[in-house]
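The structure under discussion appears below in the form of structure tokens.
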Ligand code: SF4
Ligand code: SF4
Ligand code: SF4
């Protein structure tokens, strides 16, 4: 077949024919792991199972990434997030400034504890678009049991001060959202979550499930039981520029046939603090977890490092393009539905019997069971 009229790209032989992959700089969202260290030590944190040490992204590396991003025509939205607390980075103020000076939209996920006066002022002045604050309980005692060292009261006062500042300056940004990890131990708090969101002027709540890294934590998951969710989670969300009703949706509670990767569909990539580029958060680090009673070891999967290559070359790496296409078509078996699942050695190391390594066959993100901002 002649490909004279086709845009630059390459053919891939697949089962049943050939697939043409054009080279496209269509990255739309980039997750930057500014720091994988954290001021909290949550009992639920997957970092407890990591086999590598945490660290901070160098400011020079962020500058390099921002330079690399200039050639992407859709100007990707930047997220400071990943595993770790971005506000724990000693130079977080300069990093926010660098992103905003170049005109990129910036959203930050945080546990909210370190959102002091100086950072609040900086975020309002710089127009950080969204702060996604993780808040796994509406009650201080439960909050402290899940997040030792944390204080719900402190987060509450930080967010209320932020709202006052926005009001004084007549600024709409940063918008505030909450993130809630749903577990057996906090499930009854779903009903009080909208009231907390109202008090904290949050316009959105992202509810997700837990990824258990230990046998004990498996007892806390709610996606393998018959859970009766409360009615619609609605609250009045008075913002600086509007007053309306907001509604939160629940994640899936059952493993199903429909699978779709939110990271790949949103045309996103994730970069670790060391500069490794991965397709998603779940493939950034080595860790282990339990899925419906089966233990799994996940190895990181990267298509290059921005320390050695520019991001455009990595994004257009043929193996990376082929992987994204395989995920879009979701050419992976479903290990959860397989009789061999509990004893399968391939599954245990995150590979599969269709030849995929890494495999997305067990991915809870693709099931909308675990969700990320
Ligand atoms: S706030 Fe997030 S990164 Fe920090 S310990 Fe808790 S779960 Fe882990
Ligand atoms: S890798 Fe294949 S054989 Fe193993 S559990 Fe998954 S579907 Fe079954
Ligand atoms: S399906 Fe899961 S493991 Fe695969 S790319 Fe998406 S988030 Fe990552």
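In the numbering used here, the protein residues as written are -12 to 360.
Every residue gets a Cβ at the ideal spot worked out from N, C-alpha and C, and that includes glycine.
Uninterrupted alpha helix (DSSP H) stretches inside the stretch 219 to 285 (no shorter than 4 residues):
Those alpha helix (DSSP H) runs which fall completely within the stretch 219 to 285 and span 4+ residues are 249 to 252.
Would you say the beta carbon of residue 248 comes nearer than 6 Å to a heavy atom of ligand 3?
Distances taken from the Cβ of residue 248 to the heavy atoms of ligand 3 include one shorter than 6 Å.
With hydrogens ignored, establish whether the beta-carbon of residue 350 is closer than 6 Å to any heavy atom of ligand 3.
Yes, the Cβ of residue 350 comes within 6 Å of a heavy atom of ligand 3.
Please state if the CB of residue 111 and the CB of residue 156 are separated by a distance shorter than 7 Å.
Yes.
So, residue 220 versus residue 232, is the Cβ gap smaller than 7 Å?
Remark: C-beta atoms of residue 220 and residue 232 do not approach each other more closely than 7 Å.
Taking 6 Å as the cut-off, is the beta-carbon of residue 71 closer than that to any non-hydrogen atom of ligand 4?
Within the structure as shown, ligand 4 is missing, the only ligands being ligand 1, ligand 2 and ligand 3.
Answer yes or no: the CB of residue 270 versus the heavy atoms of ligand 3, is any distance below 6 Å?
A heavy atom of ligand 3 is found nearer than 6 Å to the CB of residue 270.
Grouping DSSP H, G and I as helix and E and B as strand, with all else coil, what is residue 373?
What is shown of the chain runs -12 to 360, which leaves residue 373 out entirely.
Give the DSSP-derived three-state secondary structure of residue 38 in the structure shown.
Coil.
State the DSSP-derived secondary structure class of residue 335, mapped to helix, strand or coil.
Three-state DSSP puts residue 335 in a helix.
Alpha carbon to alpha carbon, what distance is there between residue 203 and residue 284?
Each residue's alpha carbon lies about 17 Å from the other.
Taking the alpha-carbon of residue 263 as reference, which of -3, -1 and 17 has the nearest alpha-carbon?
If we check each option's Cα against that of residue 263, 17 comes out closest.
Can you name, in chain order, every residue of its own chain whose Cβ lies under 6 Å from the Cβ of residue 52, other than the five neighbours on each side?
Only residues of its own chain outside the window of five on either side were considered, and among them 293 have a CB closer than 6 Å to the CB of residue 52, listed in chain order.
From the DSSP secondary-structure annotation, give me the bridge partner or partners of residue 0.
DSSP lists 5 as partners of residue 0.
Between the stretch 50 to 64 and the stretch 159 to 166, are three or more C-beta pairs nearer than 8 Å?
No, the stretch 50 to 64 is not in contact with the stretch 159 to 166.
Can you give me the Cβ contacts of residue 82 inside the same chain, cut-off strictly under 7 Å, excluding the 5 residues immediately before and after it?
In chain order, 21, 46, 49 and 76 place their CB closer than 7 Å to the CB of residue 82, counting only its own chain and leaving out the 5 sequence neighbours on each side.
Any chance the CB of residue 98 is under 6 Å from a heavy atom of ligand 1?
At least one heavy atom of ligand 1 is nearer than 6 Å to the Cβ of residue 98, so yes.
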